[in-house]
């Protein structure tokens, strides 16, 4: 069985995962998240409850897994011609998805799911995606910031405000964080030893 | 009954809260968090389970409430003589408390507790405390950054890395974030309209 970050593929295992994820998404469309139960999901997906418990451990972890997949579709944002444009488009997409009340609940599921390193996988998927935008910028001849600097300066306040602030961040705030980060990029890269990758 | 952010005071209500919080803290010292149950807590605290449900709604919310109190003791860090020193001391305290495995679990409880606006109260308490450090700096004649800039540049990456990174942030990273924020302080304050308070 192939395993990639966050998404398992191959045979029966993949079919079970797809059916369960679909069942969760459908049920979330029909009723409040608090009302969701394991028996409901297993019935809708056509699998036994023990399959769910064996694979995900508990409901919070399953919800976190579904949330991860919804929050990280495979497609990269379109090439806008500049790193600044690409990152703004990415951040706006992220805010649209994760800044909504449902998205915020999904992100909370990810954070509170202790099993399977769900928060770490979420962060790793996000970093992978941003890395691809930075690589695209390099191919254009731009000098992008280090990925860690971008995470600290843009991703962290975006996620912090989604989780802890009554109001989601505004597009102006995101633009402000991004411009501050891009303005510092050359200096930051020379001082890379001061921002240890973790 | 007086109500302040995060802490209720007054009469029987306060006594019940103190007893329940103490019961949770004791039980957390004795056994893993996953093993904690409402009947256990109510027995230890000498209250009925329905008291707990009426007041906190569910176990996650109660754990979030206890976490909030543990994460936000009333004492301000000692005056180190400069805002930079005060903020470094605060951040190191915060990292010691919340960056530990137990602290990370407490923070996750806060994030996943939907009731009572627990995450917002957590952020508000943190902002109140930082505000007091900024006021102290002004009395010294320093020019502190805006609170929102400090939250975005230092608090957000600190909390993001505690929640999503396998390794907690290092003291060097915190120092780097803080120095970048302090270096920008005068410029940021002039451009305040670009960082709408939220």
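Chains as they are written, first to last, in this note's numbering: chain A, 480 to 677; chain B, 480 to 677.
For each residue, glycine too, the CB sits at the ideal point set by N, CA and C.
Spell out whether any CB of chain B is found under 8 Å from the CB atom of residue 569 of chain A. As a position in the first chain, residue 569 of chain A is number 90, starting the count at 1. Judged by the 8 Å Cβ criterion, residue 569 of chain A is not in contact with chain B.
Would residue 555 of chain A and residue 608 of chain A be called neighbours here (beta carbons separated by less than 8 Å)? Against the first chain, residue 555 of chain A aligns to sequence position 76. Against the first chain, residue 608 of chain A aligns to sequence position 129. Yes, these two residues count as a Cβ contact at 8 Å.
What residues of chain B sit near residue 599 of chain A, judged by a beta carbon separation below 9 Å? Residue mapping note: residue 599 of chain A aligns to position 120 of the first chain, counting from 1. Residues of chain B passing the Cβ test: 643, 644 and 645.
Under 7 Å by beta carbon: chain A residues contacting residue 587 of chain B: Within the second chain, the letter at position 108 stands for residue 587 of chain B. Within 7 Å Cβ-Cβ: 590 and 591.
For the stretch 526-539 of chain B, list every residue whose C-beta sits within 9 Å of some C-beta in chain A, in sequence order. 539
With a threshold of 8 Å, are at least 3 pairs of Cβ atoms found where one atom belongs to the stretch 494-513 of chain A and the other to the stretch 534-551 of chain A? yes
Say whether chain B places a C-beta atom closer than 8 Å to the C-beta of residue 732 of chain A. Absent from the structure is residue 732 of chain A, since the part of chain A shown begins at 480 and ends at 677.
Identify the contact partners of residue 634 of chain A in chain B, using a Cβ-Cβ distance below 8 Å as the criterion. The residue given as residue 634 of chain A occupies position 155 in the first chain. The answer, in chain order, is 639.
Buried or exposed for residue 527 of chain B, please, with buried defined as at least 16 other CB atoms from any protein chain shown within 10 angstroms of its CB. Numbered from its first residue, the second chain carries residue 527 of chain B at position 48. Around the beta carbon of residue 527 of chain B, fewer than 16 other beta carbons sit within 10 angstroms, so the residue counts as exposed.
Taking 8 Å as the threshold (beta carbon to beta carbon), is residue 631 of chain B in contact with chain A? What you label residue 631 of chain B is simply residue 152 of the second chain in a count that begins at 1. Yes, residue 631 of chain B lies at the interface with chain A (some Cβ there is under 8 Å from its Cβ).
Strictly below 7 Å CB to CB, what residues from chain B border residue 602 of chain A? The residue labelled residue 602 of chain A in the question sits at position 123 within the first chain. Result: 643 and 644.
Would the stretch 616-632 of chain B and the stretch 647-663 of chain B be scored as touching if the rule is three or more Cβ pairs under 8 Å? yes
Quick check on residue 598 of chain B: does DSSP put it in helix, strand or coil? By 1-based counting over the second chain, the position of residue 598 of chain B is 119. Correct three-state label for residue 598 of chain B: helix.
State the start and end residues of the unbroken alpha helix (DSSP H) segment that holds residue 555 of chain A. Residue 555 of chain A sits at position 76 when you count from the first residue of the first chain. It is not in any alpha helix (DSSP H) - residue 555 of chain A carries neither H nor E in the DSSP assignment.
Rank B:532, B:583, B:530 and B:558 by C-alpha distance to the C-alpha of residue 647 of chain B and give the top, closest one. Taking the second chain and counting its residues from 1, the one referred to as residue 647 of chain B is at position 168. The shortest Cα separation from residue 647 of chain B among B:532, B:583, B:530 and B:558 belongs to B:583.
Would residue 603 of chain A and residue 635 of chain B be called neighbours here (beta carbons separated by less than 8 Å)? Taking the first chain and counting its residues from 1, one reaches residue 603 of chain A at position 124. Taking the second chain and counting its residues from 1, one reaches residue 635 of chain B at position 156. Here residue 603 of chain A is not near residue 635 of chain B, since their CB atoms are 8 Å or more apart.
Rounded to whole angstroms, what is the Cα-Cα separation between residue 571 of chain B and residue 496 of chain B? The residue labelled residue 571 of chain B in the question sits at position 92 within the second chain. The residue labelled residue 496 of chain B in the question sits at position 17 within the second chain. Going by the C-alpha atoms only, they are around 29 Å apart.
Helix, strand or coil at residue 497 of chain A [DSSP, three-state]: If you number the first chain from 1, residue 497 of chain A lands on position 18. Helix, per DSSP.
When you compare only the Cα positions, how much space is there between residue 520 of chain A and residue 515 of chain B? Position 41 of the first chain holds residue 520 of chain A. Position 36 of the second chain holds residue 515 of chain B. Going by the C-alpha atoms only, they are around 26 Å apart.
Is the beta carbon of residue 598 of chain A closer than 8 Å to that of residue 605 of chain B? Here residue 605 of chain B refers to the residue found at position 126 of the second chain. Here residue 598 of chain A refers to the residue found at position 119 of the first chain. The Cβ-Cβ distance between residue 605 of chain B and residue 598 of chain A does not fall below 8 Å.
Label residue 543 of chain B either buried or exposed according to how many other C-beta atoms from any shown protein chain fall within 10 Å of its C-beta, with 16 as the threshold for buried. Taking the first residue of the second chain as 1, we reach residue 543 of chain B at position 64. Result: buried.
Along the chain, where does the alpha helix (DSSP H) that runs through residue 565 of chain B open and close? As a first step, residue 565 of chain B must be located in the second chain, where it is residue number 86. Unbroken alpha helix (DSSP H) run through residue 565 of chain B: 562-577.
Span separating the alpha-carbon of residue 490 of chain B from that of residue 534 of chain A: Residue 490 of chain B sits at position 11 when you count from the first residue of the second chain. Residue 534 of chain A sits at position 55 when you count from the first residue of the first chain. Using only the alpha carbons, I get a separation of about 48 Å.
Local Cβ density within 10 Å of residue 510 of chain A, reported as buried at 16 or more and exposed below that: To locate residue 510 of chain A, count along the first chain from 1; it is residue 31. Residue 510 of chain A is exposed by the Cβ-count criterion.
Residue 565 of chain A to residue 557 of chain A, Cα distance in whole Å? As a position in the first chain, residue 565 of chain A is number 86, starting the count at 1. As a position in the first chain, residue 557 of chain A is number 78, starting the count at 1. Approximately 7 Å between the Cα atoms of the pair.
Once DSSP output is grouped into helix, strand and coil, what is the label at residue 515 of chain B? Reading the second chain from its first residue, position 36 is the one you call residue 515 of chain B. Reduced to three states, the DSSP call for residue 515 of chain B is coil.
So, with DSSP's three-state summary, where would you put residue 592 of chain A? Walking along the first chain from the start, residue 592 of chain A turns up at place 113. Shown here, residue 592 of chain A sits in coil according to DSSP, grouped into three states, outside any helix or strand.
Status (buried if at least 16 other CB within 10 Å, exposed otherwise) for residue 587 of chain A: Position 108 of the first chain holds residue 587 of chain A. Looking at its Cβ environment, which holds 16 or more other Cβ atoms inside 10 Å, residue 587 of chain A is buried.
What does a CB cutoff of less than 7 Å around residue 525 of chain A pick up in its chain, not counting 5 residues either side in sequence? Locating residue 525 of chain A in the first chain gives position 46, counting from the first residue. Around residue 525 of chain A: 498.
When you compare each of A:560, A:513 and A:601 to residue 538 of chain A by their alpha carbons, which one comes out closest? Within the first chain, residue 538 of chain A is the residue found at index 59, counting from 1. Considering only alpha carbons, the answer is A:513.
Measure the alpha-carbon distance for residue 612 of chain B versus residue 624 of chain B and round it to whole angstroms. Counting from 1 along the second chain, the entry for residue 612 of chain B is found at position 133. Counting from 1 along the second chain, the entry for residue 624 of chain B is found at position 145. For residue 612 of chain B and residue 624 of chain B, the distance between alpha carbons rounds to 11 Å.
Is it buried or exposed for residue 600 of chain A, if we count other Cβ within 10 angstroms and need 16 for buried? What you label residue 600 of chain A is simply residue 121 of the first chain in a count that begins at 1. Flag for residue 600 of chain A reads buried.
State buried or exposed for residue 640 of chain A, treating a residue as buried only when at least 16 other CB atoms are found within 10 Å of its CB. In the first chain, the residue the question calls residue 640 of chain A occupies position 161. Burial state of residue 640 of chain A is buried, judged by a 10 Å Cβ sphere holding 16 or more other Cβ atoms.
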